[in-house]
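Top line first, the protein sequences correspond to chains B and R. Residue numbers for the first sequence follow the working numbering, so the first one is 876 and each next one is one higher. Residue numbers for the second sequence follow the working numbering, so the first one is 2 and each next one is one higher. C-beta: ideal position from N, C-alpha, C; glycine also. Everything below concerns the one structure shown next.
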Amino acid sequence: MIMGIAKILIVDDEKVTMKNLEHVMKKEGYEVVGTESGQNALKLLEENQFDVVLTDLKMEKVDGMQILKRCHELHPDTEVIMITGHATLESAIHAMKQGAFYYIAKPFKLDEVRKVVKEAVEKVKLKKENIALLDAKSSLEHAVKEAVGKLYEKQAQLIAAEKLAILGLFAAGVAHEINNPLAIINEKAGLMKDILEMSENSKHKTRFLNLLDAIFESVNRCRTVTHRILGFARKTEVSIEIFDLNDIIKHVTVFLEKEILYKNIRLELNLKKNLPEVRSDKGQLQQVFLNIIKNAIDAVENGGLVAVSTDIKDENMVKVSIKDNGHGISGEDLKHIFEPFFTTKEKVKGTGLGLSITYGIVKNLGGNILVESEANKGTTFIVEIPTNSELAKGEVV
Amino acid sequence: MSTKVLIVDDEVEFASTLAERLALRNYDVKAVYHAEDAITTAQSDPPDVVLLDLRMPGIGGFEVLKTIKKIDPTIEVILLTGQPKTEVTGEEIPTGLFDYIMKPVDMGELIVKINNANEKRNLSKHS
C-alpha cells in the first residue's frame, strides 16, 4: 500500500504482547497483521508489503535480526522497529546498525510505541511521496526535453525552407555577378588562344597555350562553384566564428547591389569604426541581415533610401539598425510581423517566414530584434547581437 | 554569304571579345551594349541570329526578344544566361526563343547553336 492506510506487521512470540499491540495499532487506524512466529513473519513478508514491521528481537528459530535483514532485502523502504525484553546497549547499537528504525525496551509504554510507529509511518510515507515526486519530475523533464527538441527540429526545418526560398531569390543575382566576369575571362583567354593558334610557331607558343588551358580549367572550376551555390542549402546548427559585423553588412549589401542598382535605391552605410568583433554564427547572421535589408529594399519605392548603421550598444552588445523610408507597417500588422506565415507581400514574393525565422535566429544567438514603424514614413529594425553568443547561453542551442 | 550575328549584352568586354572571336571564325558579327541599340540594329540591318543577354538595365532581354520577333519572326534568338533553362527567371519564357547557352560560353557549343539557328532561319525565310 502506498499513501492510503499504513500496513503494520507485528511479530512477537509472547501472544499477549502481540495481541495487545495488534489491538492498539488497529485502534490507531492502521491495517494490522500479527503473528507469534518468526518463520510465519518471513512468509508474510514474502507475500505482502508492509510499511512498518514491529518485531520482538529474541525469538526461537527466526529472530528479530533475521526478520530485519530479510525485510530490507525484500522491501528496502519498509521501516523495522525492534522490541526486546533483554535490552542491552550492544544489542540496540547492533540493531540500529543493521538499519532498524528504532529500538524499544520492554516493558514499554504504549504511548511510546504509538509515537515511534507514527514516526516510522510518516518516514515511509515521505519516502514514497519523494519517489513519486522524483518520478513525476523525471517524466516532466523528459516531456519538456522532448517538446523543446521537437521545436528546435521544426525551427531548423523552417530555417532550411526559408534559406532555400531566399537563395532561390538571389541565386540569379549570384550567378549573374560571378558568371559575367567569368565569361569575360573565358572570352579574353579564348581570343588569346585563337590568335596564338593562328600565329606562327614561336618560342613561347606551346607554353602560352598550356597556360591558357590552365585558365580554362580554373574558369570551369568557378562555374562548378556557381552551380553549387545555386543548389546550396546549408544545415543550420550554430557554428561560432569570430568576425567583424561590419564585414557581414558590406558582404550582404554587395550581394544585393544589383537590386539596389535596378531600383535606383540610395544605400547609406554608417559603419562604426573599431566595432568590437563578435563571436557568433556568421552564416546565420548573414541570413538575418540579408532578409531585413532585402525587406527594406522591397518596402521602398524606386529612388528610396535604405540606411544601415552599426554601433556599440553596451559592453556586451553591438547593434545594427536598418532604416528605410518606405511604405511602413501599420500598427495592426506590426503586432504580427514576427509570426510565421504572416506576410503583406504578394504570394509569389514572400513566404511569410522570413521575419519569424530571422527573429528565431537572433534570439537563438542571444540577441534581440526591435522594430519601429510608421505608415508611409518608413520602418527601422534594430538588431542587437551579443559580442559573445557562447556566453549568452541558455538562448544558444 | 556569312551568317550575320548580333550580340546584345551590357557587359562590353564580354560582347566585344566574343564578337572578335566569332569574326575570326568568319561570321559577320556586330556587338551592341544596350537593349535599344539591339532593336534599332534589328530594324536597320537585320541579323540572322541574335545572341541575347537576359538581364540588362532598361527594357531587358525578354522585351528585346519580343520586339525583334515582331520586326522579323525569322530572326532566331539564342539566350545567353548564367543559369539552367528551367531556372532562367520567375517570369514565363516568351515563345520564339530558339535556344539558350550558359555563360561562360563553350565556343564549340555556341558555333553549333548559331549554325542550327541560321539553318532554321534560312528554312523559314524560303518557306
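Please report how far the alpha carbon of residue i lies from the alpha carbon of residue j, in whole angstroms.
i, j, result
"Lys1238(B)", "Ile1244(B)", "8 Å"
"Asp1186(B)", "Thr1254(B)", "18 Å"
"Leu25(R)", "Asp11(R)", "22 Å"
"Val33(R)", "Arg1141(B)", "29 Å"
"Glu1265(B)", "Leu1160(B)", "15 Å"
"Lys1133(B)", "His1202(B)", "22 Å"
"Lys984(B)", "Asn895(B)", "12 Å"
"His950(B)", "Leu932(B)", "19 Å"
"Ala1018(B)", "Ala1031(B)", "20 Å"
"Gln914(B)", "Gly960(B)", "20 Å"
"Glu897(B)", "Asp938(B)", "19 Å"
"Lys1012(B)", "Leu1136(B)", "59 Å"
"Gly61(R)", "Asp1069(B)", "31 Å"
Flag residue i as yes if its beta-carbon sits less than 8 Å from any beta-carbon of chain B, otherwise no.
i, result
"Glu37(R)", "no"
"Leu78(R)", "Rather than Leu, the amino acid found at residue 78(R) in this sequence is Val. False, the Cβ-Cβ gap to chain B never drops below 8 Å."
"Phe63(R)", "no"
"Leu19(R)", "yes"
"Leu23(R)", "no"
"Asn106(R)", "Contrary to the premise, residue 106(R) reads as Val rather than Asn in this sequence. Yes, Val106(R) lies at the interface with chain B (some Cβ there is under 8 Å from its Cβ)."
"Glu120(R)", "no"
"Glu110(R)", "no"
"Phe99(R)", "no"
Short of 8 Å in beta carbon distance, which residues of its chain neighbour residue i, apart from the five on each side in sequence? Order them along the chain.
i, result
"Gly59(R)", "His35, Ala36 and Glu37"
"Lys1002(B)", "Asp952"
Do the CB positions of residue i and residue j come within less than 8 Å of each other?
i, j, result
"Thr1262(B)", "Asn1166(B)", "no"
"Ile1260(B)", "Leu1120(B)", "yes"
"Ile79(R)", "Ile69(R)", "no"
"Val886(B)", "Glu954(B)", "no"
"Ile1208(B)", "Ala1171(B)", "According to the sequence displayed, residue 1208(B) carries Asp and not Ile. Contact flag unset, no."
"Ile1204(B)", "Ile1168(B)", "no"
"Leu98(R)", "Leu124(R)", "no"
"Glu1152(B)", "Ala1182(B)", "no"
"Leu1066(B)", "Phe1083(B)", "no"
"Ala118(R)", "Asp107(R)", "no"
"Val992(B)", "Leu920(B)", "no"
"Lys1194(B)", "Ile1257(B)", "yes"
"Asp29(R)", "Pro47(R)", "no"
"Val51(R)", "Val9(R)", "yes"
"Val988(B)", "Val907(B)", "no"
"Ile1090(B)", "Ala1064(B)", "yes"
"Asn1145(B)", "Ser1114(B)", "no"
"Leu943(B)", "Ala970(B)", "yes"
"Phe1130(B)", "Lys1157(B)", "no"
"Asp54(R)", "Leu23(R)", "no"
"Ile958(B)", "Ala975(B)", "no"
"Glu911(B)", "Met893(B)", "yes"
Should residue i be flagged as near chain R, meaning a C-beta pair shorter than 8 Å?
i, result
"Glu1249(B)", "no"
"Arg1109(B)", "Because the pLDDT of Arg1109(B) is 34, which lies under 50, any placement of that residue in the model is unreliable, and the number read from its coordinates should be weighed accordingly. Taking Cβ atoms only, chain R never reaches closer than 8 Å to Arg1109(B), which makes this a no."
"Asn1054(B)", "yes"
"Thr1226(B)", "Annotation note: pLDDT 49 at Thr1226(B) (below 50); position unreliable, no value reported."
"Ile1059(B)", "yes"
"Gly1065(B)", "yes"
"Glu1062(B)", "yes"
"Val1094(B)", "yes"
"Asp1294(B)", "Since the displayed chain B opens at 876 and closes at 1272, residue 1294(B) lies outside it and no answer follows."
"Arg1098(B)", "yes"
Pull up the DSSP beta-bridge partners for residue i, would you.
i, result
"Asp73(R)", "Beta-bridge pairing links Asp73(R) to no other residue."
"Arg1154(B)", "Ile1117(B) and Asn1263(B)"
"Leu52(R)", "Ile8(R) and Ile79(R)"
"Leu884(B)", "Val908(B) and Val928(B)"
"Gly1253(B)", "Glu1249(B)"
"Asp1199(B)", "Val1181(B) and Thr1254(B)"
"Ala32(R)", "Ile8(R)"
"Glu1143(B)", "Ala1182(B)"
"Asn1243(B)", "Glu1259(B)"
"Thr953(B)", "Bridge partners of Thr953(B): none, in fact."
"Tyr101(R)", "Leu80(R)"
"Met934(B)", "In the DSSP output, where bridge partners are listed per residue, Met934(B) has none listed."
"Met1192(B)", "Asp1189(B) and Pro1261(B)"
Closer than 7 Å by C-beta to residue i: which residues in its own chain qualify, once you throw out the five before and the five after it? Chain order, please.
i, result
"Ser128(R)", "none"
"Leu111(R)", "Ile102"
"Asn1177(B)", "Lys1138 and Asn1139"
Between which residues of its own chain and residue i is the CB-CB distance below 6 Å, once the five residues before and five after are set aside?
i, result
"Tyr905(B)", "Ala881 and Ile883"
"Phe925(B)", "Lys882, Leu884 and Thr953"
"Asn1061(B)", "Val1094"
"Gly977(B)", "Inspection of the sequence shows that residue 977(B) is occupied by Tyr rather than by Gly. Excluding positions up to five away in sequence, the list reads Ile956 and Val991."
For residue i, would you say it is in contact with chain D, using Cβ-to-Cβ distances shorter than 8 Å as the test?
i, result
"Asn1166(B)", "Judged by its chain identifiers, the structure shown contains no chain D, and its protein chains are B and R."
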